[in-house]
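Numbering (the numbering used here), first residue to last: 2 to 606. Input: a single structure, listed below in structure tokens.
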């Protein structure tokens, strides 16, 4: 389907008509210097003067011109919105209430949300098809609390909404998918660090398809050194600036517009100019380059540690795609991660729509170094089309039984024998809801660094890998930092000690996880709900206690399963589930597999 993508800046407008599958453009327009002398409109490469002082006037002239030679029908208009706050964690149909929330976020995104909203309101007057907001912050909505929480007074933080959101999410989402496709893998099987390096810069840790860390925070000012932004600084510097007599606006001007590459080099924020001057001996420009590269490399190392390893490091955006020298400086000392840089390939990088990926690591590199051409407009088109298809898909009122899965242990036969004796076989206590699964008479004690959980039930039959499933409460009780994982995904997870009933013990090197909330489905169920294996969905639960919507729910499809959603005890307590469980209704599909038409190779999740 054809989607019109609109991206409004304070003094510029970009718009493209894009096929969500192929990425083919049916038309492009650019408005530059909006509201200034010399304002221009460029449509499909042809430029003309434009007399317009605001977004409404500019779009009223530009959109009809763009659509003059367009054959077909627009399915929707996708708008890029930088800040979605707490409220918006996925693409959203724009109505009056959505506009009000976007407007309420002006204070945290003063350079971006006002023009974004102006473009929305102007376009809605021109076009009657669905208008969809795609938020830069949405991809980072999966950040765990430890990553999004600032270590300041909780009451103050809650009152003012002070937390980390992250930005450039559209780009991070797109290039991580393209990188995974290039590696002939699924993004949900990989740990990827994506480096969006342009005038604005950010790094994201994409662990098994979800953003779990990113360098920008409540605003785009945090993190890396950028074109004109400082990135991370000691908060005491801000206090010192105030004590020196600077006003709030003056400090804002210093940190957002007079810092970064521009502030360090003293000649502006264009890296090409800085590189040229550095080659001529300009020490300020040399320092700007060194500080920039150092900060990126530092974040890459930190995020590799946060994920317990990394399978690919991706460079994208203006600097990431085009600066041979900057990629060299950042990537040349990453061998300790298994990322072996190949300079010859780095110099030969040439990206295009037909060849959007270049590899700059050696063949024996354990971690792949990739340069990927970002296409945020295409990603917005993909996400907008997905929402349009979901709007046109009737899921009915089909309900999903919800059950609470208490802490338990899955063991290999080898571990069973180590705990209970050679040749020992698990004995069935009672069957479980899933076919051929049962609770065993046998229990173990789980010993963590801090405390011990006793009489934890073993579930049968035996499995190929040991797996200890606990809740967040159990995690803190034991003193174990357990990752949220799908069942069976125990690589690089922490271990523990298990003790059998007769005192025999075994040390597990890995296997302790908090289970990713999930739904078991048979293929027939998946077809009814319009989902496929490994989609991620939202489920609304109406229990006896309260109504609650769980996001980030993994779909698992297998012919041997029985339809049922599993959550842990903490999640069950949050929903105040009664002993008999509850029913859930699928309200949103995040995974692209819900689309009736499969996407091209570089867009598959």
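Glycine included, every Cβ here is placed at the ideal spot set by N, Cα and C.
Within its chain, find whatever has a CB closer than 6 Å to the CB of residue i; leave out the 5 residues flanking it on each side and keep chain order.
{"i": "residue 450", "result": "480"}
{"i": "residue 585", "result": "401, 403, 540, 542, 566"}
{"i": "residue 505", "result": "420"}
{"i": "residue 210", "result": "188, 189"}
{"i": "residue 333", "result": "342"}
{"i": "residue 446", "result": "453, 455, 500"}
{"i": "residue 15", "result": "8, 31"}
If I measure Cβ to Cβ from residue i and keep anything under 7 Å in the same chain, skipping five residues before and after, which residues do I get?
{"i": "residue 292", "result": "226, 265"}
{"i": "residue 366", "result": "339, 340, 341"}
{"i": "residue 603", "result": "Because the pLDDT at residue 603 is just 33, under 50, the model does not fix this residue reliably, and the value given afterwards should be weighed accordingly. Within the same chain, residue 603 has close Cβ partners 179, 182, 357."}
{"i": "residue 130", "result": "75, 76, 77, 78"}
{"i": "residue 257", "result": "222, 229, 230"}
{"i": "residue 526", "result": "564"}
{"i": "residue 263", "result": "228, 229, 269, 270"}
Could you tell me if residue i is buried or exposed, where buried requires 16 or more neighbouring beta carbons within 10 angstroms of its beta carbon?
{"i": "residue 218", "result": "buried"}
{"i": "residue 259", "result": "exposed"}
{"i": "residue 54", "result": "exposed"}
{"i": "residue 17", "result": "buried"}
{"i": "residue 532", "result": "buried"}
{"i": "residue 356", "result": "exposed"}
{"i": "residue 308", "result": "buried"}
{"i": "residue 223", "result": "buried"}
{"i": "residue 8", "result": "buried"}
{"i": "residue 392", "result": "exposed"}
{"i": "residue 502", "result": "exposed"}
{"i": "residue 143", "result": "buried"}
{"i": "residue 244", "result": "exposed"}
{"i": "residue 216", "result": "buried"}
{"i": "residue 405", "result": "buried"}
{"i": "residue 141", "result": "buried"}
{"i": "residue 6", "result": "buried"}
{"i": "residue 272", "result": "buried"}
{"i": "residue 270", "result": "buried"}
Determine the DSSP secondary structure at residue i, reduced to helix, strand or coil.
{"i": "residue 223", "result": "coil"}
{"i": "residue 77", "result": "strand"}
{"i": "residue 414", "result": "helix"}
{"i": "residue 515", "result": "strand"}
{"i": "residue 585", "result": "strand"}
{"i": "residue 58", "result": "helix"}
{"i": "residue 420", "result": "helix"}
{"i": "residue 7", "result": "strand"}
{"i": "residue 385", "result": "helix"}
{"i": "residue 426", "result": "coil"}
{"i": "residue 379", "result": "helix"}
{"i": "residue 157", "result": "helix"}
{"i": "residue 461", "result": "strand"}
{"i": "residue 27", "result": "strand"}
{"i": "residue 481", "result": "coil"}
{"i": "residue 179", "result": "helix"}
{"i": "residue 172", "result": "helix"}
{"i": "residue 53", "result": "coil"}
{"i": "residue 431", "result": "strand"}
{"i": "residue 208", "result": "strand"}
{"i": "residue 452", "result": "coil"}
{"i": "residue 2", "result": "coil"}
Closer than 8 Å by C-beta to residue i: which residues in its own chain qualify, once you throw out the five before and the five after it? Chain order, please.
{"i": "residue 518", "result": "551, 553, 554, 555, 566, 567, 568, 569, 572"}
{"i": "residue 560", "result": "523, 524"}
{"i": "residue 399", "result": "529, 530, 586, 587"}
{"i": "residue 33", "result": "12, 13, 40, 41, 43"}
{"i": "residue 353", "result": "374"}
{"i": "residue 114", "result": "82, 83, 84, 103, 104, 106, 107"}
{"i": "residue 48", "result": "41, 42"}
{"i": "residue 429", "result": "439, 440, 441, 442, 461"}
{"i": "residue 37", "result": "12"}
Problem set entry | Any beta strand (DSSP E) of 3 or more consecutive residues that is wholly inside the region 87-151 | 132-136
Exercise. Do the region 108-122 and the region 74-82 meet, that is, are 3 or more Cβ pairs less than 8 Å apart?
Worked result: yes
Problem set entry | Entirely enclosed beta strand (DSSP E) segments - the region 328-371, minimum 3 residues | 358-360
Problem set entry | Validate contact between the region 406-421 and the region 444-463 using beta carbons, cut 8 Å, 3 pairs | Touching, yes, given that three or more Cβ pairs across the two stretches are closer than 8 Å.
For this session: Flag this pair as touching only if the region 150-170 and the region 301-316 have three or more C-beta atom pairs under 8 Å; answer yes or no.
Result: no
For this session: State whether the region 18-32 contacts the region 370-382, with contact taken as three or more CB pairs (one from each stretch) at a distance under 8 Å.
Result: yes
Exercise. Below 8 Å, can you find three or more Cβ-Cβ pairs linking the region 495-513 to the region 413-421?
Worked result: yes
Exercise. Residue ranges of each alpha helix (DSSP H) run of no fewer than 4 residues wholly in the region 247-292, ordered along the chain?
Worked result: 249-258, 261-266, 272-280
Problem set entry | Within the region 524-573, ranges of the beta strand (DSSP E) (whole runs, at least 3 residues) | 537-543, 548-558, 565-568
Problem set entry | Contact between the region 189-198 and the region 320-328 (3+ Cβ pairs under 8 Å) | yes
Problem set entry | Cβ contact (3+ pairs, closer than 8 Å) linking the region 87-103 and the region 61-70 | no
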